[in-house]
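Protein chains: 2
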Amino acid sequence: MCVEGDDVAAKNVRARVRDVPGPCARWDDEDADFIREVLDLVGDKWSVLIIGTLADGPTRYSDLAAAIPGISQRMLTLTLKHLQRNGLLTRTAYPEVPPRVEYCLTGLGRSLLSTVLALAGWSADHHAEIRRHQAAFDSATATD
Amino acid sequence: MCVEGDDVAAKNVRARVRDVPGPCARWDDEDADFIREVLDLVGDKWSVLIIGTLADGPTRYSDLAAAIPGISQRMLTLTLKHLQRNGLLTRTAYPEVPPRVEYCLTGLGRSLLSTVLALAGWSADHHAEIRRHQAAFDSATATD
DNA sequence: CAGGATCCTCTTAGATACTG
DNA sequence: CAGTATCTAAGAGGATCCTG
Chain A
1 MCVEGDDVAA
11 KNVRARVRDV
21 PGPCARWDDE
31 DADFIREVLD
41 LVGDKWSVLI
51 IGTLADGPTR
61 YSDLAAAIPG
71 ISQRMLTLTL
81 KHLQRNGLLT
91 RTAYPEVPPR
101 VEYCLTGLGR
111 SLLSTVLALA
121 GWSADHHAEI
131 RRHQAAFDSA
141 TATD
Chain B
1 MCVEGDDVAA
11 KNVRARVRDV
21 PGPCARWDDE
31 DADFIREVLD
41 LVGDKWSVLI
51 IGTLADGPTR
61 YSDLAAAIPG
71 ISQRMLTLTL
81 KHLQRNGLLT
91 RTAYPEVPPR
101 VEYCLTGLGR
111 SLLSTVLALA
121 GWSADHHAEI
131 RRHQAAFDSA
141 TATD
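In order, the protein sequence lines correspond to chains A and B. Taking the UniProt record's numbering, the leading residue of the first sequence gets 1, the next gets one more, and so forth. Taking the UniProt record's numbering, the leading residue of the second sequence gets 1, the next gets one more, and so forth.
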């Protein structure tokens, strides 16, 4: 168990910054920062849902609210602003009556979308297995 | 702007569960659950760092603590237990003196590792661009 | 319609001290 | 060495009301 074949991928990320001499050791602060950065972007409760919804094209504020069940106005506004600040989407307000505002993924946002969808795909693929492990773990810790 | 070519990827995730008739509409609760599930696994502050450290092979508790700067004993223990419950790593205690406990990625954990590293790679690739957007956004909202 | 402003609650996570 | 227990601060997130 514990094959050592996949750690080359981990090394690749570390090597992306600068060469790591030792066999492993510890995380550079810079490597950890990349993890934190992407987690700060999509690690919250709503970002991925918003990005996924915007994949279908420009969407209005109220349509986003309708497409994402359970989100509050506050969180929708906050998350949109956050994503806009990081350049993942653009906000376009049309000076009409009634007002209309459309949100649209940028190229950066779309490039993140595909990566994030891979994560969602992983979840869908291994969902059953994860549930099995959870049940096994819970019954094991309960019986002990 | 706003090309509509990448939404096929989003559809793929949705289609993974069951066929969606309409052109887009809204998130199914089940689709959102997959996002939430994977976010619950690796969306926190330490999980990815731990998984990345374990990519180099079985690692002891104290070695993990040393490899991940800034983590507290509490969070290390908590996150390890969480990852173990979801079947991403195994805990092996050797009944020796002094006690030795090794944590090791499972196949499930390694499969997630590669996906998560893609995300970290994305962050490394677009780090500069994101910083540019942040600066532009901040100065724009400050001057206005 | 598209938010801004407030208030409030629950979870997350850090620090510290103690134990088998 | 490898944790557990307790306390606390900070922030995420929800509900509600108000506005251009």
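In this text, a Cβ means the ideal position worked out from N, Cα and C, and glycines have one as well.
> Rounded to a whole number of angstroms, what is the C-alpha to C-alpha distance between B:R100 and B:R91?
Replying inline: Across the structure, B:R100 and B:R91 are spaced so that their CA atoms are roughly 11 Å apart.
> In terms of residue numbering, what span does the alpha helix (DSSP H) encompassing B:V97 cover?
Replying inline: For B:V97, no alpha helix (DSSP H) segment is defined, and its DSSP state is neither H nor E.
> Three-state secondary structure (DSSP) at A:L88?
Replying inline: Three-state DSSP puts A:L88 in coil, outside helix and strand.
>> For A:Q84, would you say it is in contact with chain B, using Cβ-to-Cβ distances shorter than 8 Å as the test?
In response: Yes, because at least one Cβ of chain B sits closer than 8 Å to the Cβ of A:Q84.
>> Does chain A have any CB closer than 8 Å to the CB of B:T79?
In response: Closer than 8 Å: no.
>> Residues of chain B with CB closer than 8 Å to the CB of A:E37, please, in chain order.
In response: What A:E37 touches in chain B, judged by beta-carbon distance under 8 Å, is S123, H127 and I130, going in chain order.
>> Measuring CB atoms only, is the region 125-138 of chain B touching the region 100-114 of chain B, in the sense that at least three cross pairs come out at less than 8 Å?
In response: These segments do not touch.
>> Let me see if you follow: with CB-CB separation under 8 Å, is B:S139 close to chain A or not?
In response: Chain A places no beta carbon closer than 8 Å to that of B:S139, leaving this residue out of the contacts.
> Just checking, does the region 57-73 of chain B make contact with the region 33-42 of chain B on the three C-beta pairs under 8 Å criterion?
Replying inline: Contact between the region 57-73 of chain B and the region 33-42 of chain B is absent, because fewer than three Cβ pairs lie under 8 Å.
> If we call anything under 8 Å between Cβ atoms a contact, is A:L105 one with A:L89?
Replying inline: At a Cβ-Cβ threshold of 8 Å, A:L105 and A:L89 count as neighbours.
> Are the C-beta of residue 145 of chain A and some C-beta of chain B separated by less than 8 Å?
Replying inline: Past the edges of chain A, shown from 1 to 144, lies residue 145 of chain A, and the structure says nothing about it.
> Expressed to the nearest angstrom, what Euclidean distance is found between the alpha-carbon atoms of B:K45 and B:G57?
Replying inline: Spanning the two alpha carbons is a distance of roughly 21 Å.
> For A:I68, which residues in chain B fall below 9 Å Cβ to Cβ?
Replying inline: The answer, in chain order, is R26, W27 and A32.
> In angstroms, rounded to a whole number, what distance separates the CA positions of A:D28 and A:D63?
Replying inline: The straight-line gap from Cα to Cα measures roughly 42 Å.
> Who pairs with A:R60 in a beta bridge, going by DSSP?
Replying inline: Answer by DSSP bridge pairing, in chain order: A:E102.
> Taking the alpha helix (DSSP H) that B:A32 falls in, what are its first and last residues?
Replying inline: Segment D29 to V42, the alpha helix (DSSP H) holding B:A32.
> So, helix, strand or coil for B:A55, using DSSP?
Replying inline: Coil at B:A55, not helix or strand.
> So, helix, strand or coil for A:W122, using DSSP?
Replying inline: A:W122 falls in the helix class under three-state DSSP.
>> Can you confirm whether the region 72-91 of chain B touches the region 133-144 of chain A when touching is taken to mean that 3 or more C-beta pairs between the two stretches lie within less than 8 Å?
In response: Yes: the two stretches touch, three or more of their Cβ pairs being nearer than 8 Å.
> Which chain A residues sit within Cβ distance under 8 Å of B:Q73?
Replying inline: Chain A residues near B:Q73: none, gap ~17 Å exceeds 8 Å.
>> Among the candidates B:F34, B:L117, B:T141 and B:S72, whose CA atom is the shortest distance from the CA of A:L48?
In response: This sequence places Val at residue 48 of chain A; Leu is not what is there. For the residues B:F34, B:L117, B:T141 and B:S72, the minimum Cα distance to A:V48 belongs to B:F34.
> Nearest-angstrom Cα distance between A:T59 and B:R60?
Replying inline: Answer to the nearest angstrom: the Cα atoms are 49 Å apart.
> Under 8 Å between C-beta atoms, does A:V101 make it to chain B?
Replying inline: By this cut-off, A:V101 is not an interface position.
>> Do B:I50 and B:V116 count as a contact pair if the criterion is CB distance below 8 Å?
In response: No; because the gap between Cβ atoms is not below 8 Å, this pair is not in contact.
>> Rounded to the nearest angstrom, what separates A:A93 and A:W122 at their Cα positions?
In response: Straight-line measurement puts the Cα of A:W122 at about 36 Å from the Cα of A:A93.
>> So that I know if they touch, is there some Cβ in chain A lying closer than 8 Å to that of B:V48?
In response: Cβ-Cβ to chain A under 8 Å: yes for B:V48.
> Skipping 5 residues on each side, what residues in its chain have a beta carbon closer than 8 Å to that of A:L76?
Replying inline: Answer for A:L76: W46, I50, Y61, L64, A65 and I68, listed in chain order.
> Taking the alpha carbon of B:Y103 as the point to measure from, which residue in B:D31, B:V97, B:T79 and B:R74 has its own alpha carbon closest?
Replying inline: Among B:D31, B:V97, B:T79 and B:R74, the Cα nearest to that of B:Y103 belongs to B:T79.
> Below 8 Å between beta carbons: does that hold for B:L55 and B:L113?
Replying inline: Note that residue 55 of chain B is Ala in the sequence shown here, rather than Leu. Cβ atoms of B:A55 and B:L113: closer than 8 Å.
> Listing by chain order, which chain B residues have their CB less than 8 Å from the CB of A:L108?
Replying inline: Within 8 Å Cβ-Cβ: H126, E129, I130 and H133.
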